[in-house]
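2 protein chains.
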Amino acid sequence: MTIANDPSDLRPGERTLKTGFVLSDGMGLAIIGQIRSPWSNGNCPKNLREARARGGPFAVEIAPAYREGMLGLSVGDPVVLLYWMSGARRDLIVQAPAHRDCPTGTFALRSPARPNPVALAVVRLLSVDPASGVLQIDAIDAFDGTPVLDIKPWLASVDVPPDLQG
Amino acid sequence: MTIANDPSDLRPGERTLKTGFVLSDGMGLAIIGQIRSPWSNGNCPKNLREARARGGPFAVEIAPAYREGMLGLSVGDPVVLLYWMSGARRDLIVQAPAHRDCPTGTFALRSPARPNPVALAVVRLLSVDPASGVLQIDAIDAFDGTPVLDIKPWLASVDVPPDLQG
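So the protein lines, in turn, are chains A and B.
Using our numbering, you'd call the opening residue of the first sequence number 43 and step up by one each time.
Using our numbering, you'd call the opening residue of the second sequence number 43 and step up by one each time.
Okay, here's the thing in structure tokens:
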């Protein structure tokens, strides 16, 4: 499979993958739910901090088949959300974002454009309702309707580098 | 697609998805590299902390097509690795790990068994060599050869809940 690649849509210094784009078999993703947010193309905040400052409401809606997986989640828990940035191009390997002095590799950026557009956000649960599948969260910087892939408990003991742990 | 599901291989209280397992089209993953570690089935540490205590060497090898994406990564940087736990079952939605008093939903656990077995690890870069594609890292709790999906810079400003930031 080759992802569309428009050479005219590059900033100076940006580069795309040379070899097209090979997807691996047997690693298909399941959509476990979707993001609910006020954001759509044109009004989306740049990052989680900006989303938090501008305000919600924000939620994750878990699909019926996956709601039993919410057992043990509690109000106040910090969690990691993994979600799929469907609109992002996947072939940019060097990028020239406006806030950087020089072109930078995709793996040194948090840009949505990346070979696997899986985003992560560390958020807090404001409510947990297994019956409706709704988890209200403190902030999210993703479009309304974004597919959610996973929720994991956030643990300071492993999710903060040891030398930065309080 | 339905993932194999052996009902005899469940602990008391564990539950599997009722509806089989539907994979979404158009969300295939690319393998950007692989983990190098001393771990294989039978000797793998339970988590990153244990891996760090037991010691390496540990590395990520980036595949040739993706090495330009390393531009801007520096020794000492904390990064988030996303990798694919190929061996994990994907249909467990409630699990009964030995360290828990009662069965717990998959989304409240860091277990590798989950609908999308995408793991995340926050690690530090010990060396960066774009020519060979090798990134030495301080620790990893994944098997040797595990497929890598993404590398992102770890940022305290978004990857630690605001009220826990120092």
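Note that beta-carbon positions come from the ideal geometry of N, C-alpha and C, so glycine has one too.
Looking from the CA of A130(B), the closest CA among V200(A), V64(A), M69(A) belongs to M69(A). In the DSSP assignment, V200(A) falls outside any beta strand (DSSP E) and lies within the alpha helix (DSSP H) extending over 198-201. By DSSP's assignment, K194(B) forms a beta bridge with V122(B). Look at the beta carbons and you see the segment 174-181 of chain A touching the segment 93-111 of chain A: at least three pairs across the two are nearer than 8 Å. Here the alpha carbons of C86(B) and D186(B) stand approximately 10 Å from one another. Each residue's CA atom was taken as its position, placing R96(B) and W81(A) some 45 Å apart. If you draw a straight line from the Cα of K194(A) to the Cα of D171(B), it is about 32 Å long. Interface criterion met: the Cβ of W196(A) is under 9 Å from a Cβ in chain B. Residues of the segment 92-114 of chain A with a Cβ closer than 9 Å to any Cβ of chain B, in chain order: R94, I104, P106, A107, Y108, R109, E110, G111, M112, L113, G114. With a minimum length of 3 residues, the unbroken runs of beta strand (DSSP E) contained wholly in the segment 76-116 of chain A fall at 100-104. Following the DSSP letters along the chain, one finds I179(B) inside the beta strand (DSSP E) bounded by residues 176-179.
Between V160(B) and L191(B), the CB-CB gap stays under 9 Å. The Cβ atoms of A173(A) and D119(B) do not sit closer than 9 Å to each other. Taking a C-beta distance under 9 Å as the contact criterion, I74(B) and G111(B) qualify as a contact pair. The beta carbons of V64(B) and A72(A) sit closer together than 9 Å. Between the alpha carbons of A198(A) and I135(A) lies a distance of about 31 Å. In the three-state DSSP reduction, P204(B) falls in the helix class (H, G or I). The continuous beta strand (DSSP E) containing D171(A) extends over residues 160-171.
Contact annotation: V117(B) and W196(B) have beta-carbon atoms that are not nearer than 9 Å. The three-state reading of DSSP puts T188(A) in coil, since its state is none of H, G, I, E or B.
For P139(B), the closest alpha carbon among the candidates S153(B), L167(B), Q76(B), D67(B) is that of S153(B). Between A107(A) and the set R57(B), A105(B), Q207(B), the nearest pair of CA atoms involves R57(B). Only P145, T146, G147, T148, F149, A150, L151, R152, R156, P157, N158, V160 from the segment 145-161 of chain B bring a Cβ to less than 8 Å from some Cβ of chain A. Each of T148(A), C144(A), L168(A) was checked against the Cα of R132(A), and the nearest Cα belongs to T148(A). Looking at the DSSP output, R57(B) sits in a beta bridge with V136(B). Each of N158(A), P157(A), I182(A), A155(A) was checked against the Cα of L168(A), and the nearest Cα belongs to I182(A). At least one beta carbon of chain A lies nearer than 9 Å to the beta carbon of G208(B). At a cut-off of 9 Å between beta-carbon atoms, P80(B) makes no contact with chain A. Contact check for G55(B) and P145(B): beta-carbon distance about 3 Å, within the 8 Å limit, so the pair qualifies.
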